[in-house]
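Going down the list, the sequences are from chains A and B.
Just so we're aligned, residue 1 is where the first sequence starts under the numbering used here, counting upward by one.
Just so we're aligned, residue 1 is where the second sequence starts under the numbering used here, counting upward by one.
Built from N, CA and C at the ideal position, the CB exists for glycine as well.
Just so it is clear, the structure is predicted and the values come from calculations on it, not from any experiment.
Structure first, then comments.
Protein chains: 2
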Amino acid sequence: MDDLTEMLKGTLEGCVLEIIGSEETYGYAITRRLNGLGFADVIEGTVYTILLRLERNGLVQVTKRPSGVGPPRKFYALNDAGREELAKFWAKWQYLSSRIDRLKEGGR
Amino acid sequence: MDDLTEMLKGTLEGCVLEIIGSEETYGYAITRRLNGLGFADVIEGTVYTILLRLERNGLVQVTKRPSGVGPPRKFYALNDAGREELAKFWAKWQYLSSRIDRLKEGGR
DNA sequence: TGCCGGTACTACGTGATACCGAGTACCACT
DNA sequence: AGTGGTACTCGGTATCACGTAGTACCGGCA
């Protein structure tokens with residue numbers, strides 16, 4: 001699949017929120033998860049910038065824990081604001097995708 | 001619906017391509033069409049920048065015609081490159097939306 | 001001991017895109 | 001003359017994903 005980066009704008013952050021929401025996890029694992037889900041070209045640097053943004057915006061709770069196989073990990077979990085943001089993301093996604101699909105079907 | 005601008009990145013251009021592909025039309029009308037389709041906050045300036053970009057990238061054929069109710073209109077039609085780009089857009093959209101929906105359904 | 005690969009995060013800069021505002025201009029109606 | 005709707009252009013801004021370089025911890029292998 002060729003370049004999706006522009007289309008991912010605004011949605012990738014939501015995907016990361018969803019992943020964090022389903023399980024407390026950390027940056028490196030989130031990247032691998034996204035790659036496995038079909039977001040093959042998403043790179044670590046991208047995920048880390050998103051995580052730092054989430055932290056800066058107060059949407060996540062962060063816990064640092066030693067790893068055993070490398071440097072310590074920063075585990076992320078959603079707080080109330082994060083869950084709210086996630087709900088908003090899905091609402092926006094549903095709104096947008098329904099409009100686009102309607103347009104695709106000959107747009108009335 | 002609150003702000004969709006980030007999510008529209010990469011998709012709005014495809015929507016404009018689809019509209020042009022279904023009928024030769026011009027900027028002002030495209031904006032109204034998008035607004036009617038549910039992209040309520042899309043503004044004329046945005047559509048015009050997309051149209052200039054399409055023209056610069058050689059995806060459209062442009063014809064200027066007098067209007068009768070205002071300044072002359074620039075009518076846009078897809079050329080072969082534009083149709084190809086449109087097909088690529090829909091392929092990318094389908095790919096992306098299927099991944100996102102899978103993630104939403106508990107992501108396996 | 002020294003080197004490599006995998007793990008894990010940070011920081012800075014780039015490019016693409018939608019948005020915003022101001023400006024220009026044509027036309028009809030009052 | 002003034003207003004409102006039509007129609008396009010141009011310059012600047014913010015945001016986001018991405019690229020790259022750098023730091024650092026660890027195990028295994030020569």
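- For A77(B), the enclosing beta strand (DSSP E) covers residues 73-78.
- Interface annotation, E23(B): not in contact with chain A, CB-CB separation never under 8 Å.
- By the Cβ-count criterion, G14(B) is buried, with 16 or more other Cβ atoms from all chains shown falling within 10 Å of its own Cβ.
- A direct Cα-to-Cα measurement between L17(A) and V69(A) gives close to 25 Å.
- Comparing alpha carbon positions, the residue from N57(A), R99(A), K104(A) closest to L37(B) is R99(A).
- Sequence-distant Cβ neighbours of G58(B) in its own chain, meaning closer than 7 Å and more than five residues away, are A81.
- The contact set of R99(B) on chain A, defined by CB atoms closer than 8 Å, consists of L37, G38, F39 in chain order.
- Contacts between L4(B) and chain A, judged by CB atoms closer than 9 Å, involve G10, K92, Y95, L96 in chain order.
- Cα atoms of I50(A) and P71(B): separation of roughly 45 Å, rounded to the nearest angstrom.
- Collapsing the DSSP output to three states places V47(B) in a helix.
- Among the residues facing chain A, R102(B) is included, as its CB has a counterpart in that chain under 8 Å away.
- Excluding five sequence positions before and after K64(B), the CB atoms of its chain that fall closer than 8 Å to its own CB belong to P72, R73, K74, F75, given in chain order.
- Take R33(B), set aside five residues on each side of it, and the residues of its chain with a beta-carbon closer than 7 Å to its own are I19, in chain order.
- With a threshold of 16 other beta carbon atoms within 10 Å, L54(B) meets it and is buried.
- A residue is called buried once 16 or more other Cβ atoms fall within 10 Å of its Cβ, and M1(B), having fewer, is exposed.
- The C-beta of E18(A) comes closer than 8 Å to at least one C-beta of chain B.
- Rounded to whole angstroms, T11(A) and L52(B) show a C-alpha spacing of 26 Å.
- Judged by DSSP secondary structure, V69(B) falls outside any beta strand (DSSP E); it is assigned neither H nor E.
- Contact between Y28(A) and E44(A) holds, since their C-beta atoms are separated by about 7 Å, short of 8 Å.
- Between L78(A) and V60(A), the C-beta gap is smaller than 8 Å, which places the two residues in contact.
- In the assembly as shown, E85(A) is a buried residue. Its beta-carbon has 16 or more other beta-carbons within 10 Å.
- In this chain, the alpha helix (DSSP H) harbouring L12(B) covers 12-22.
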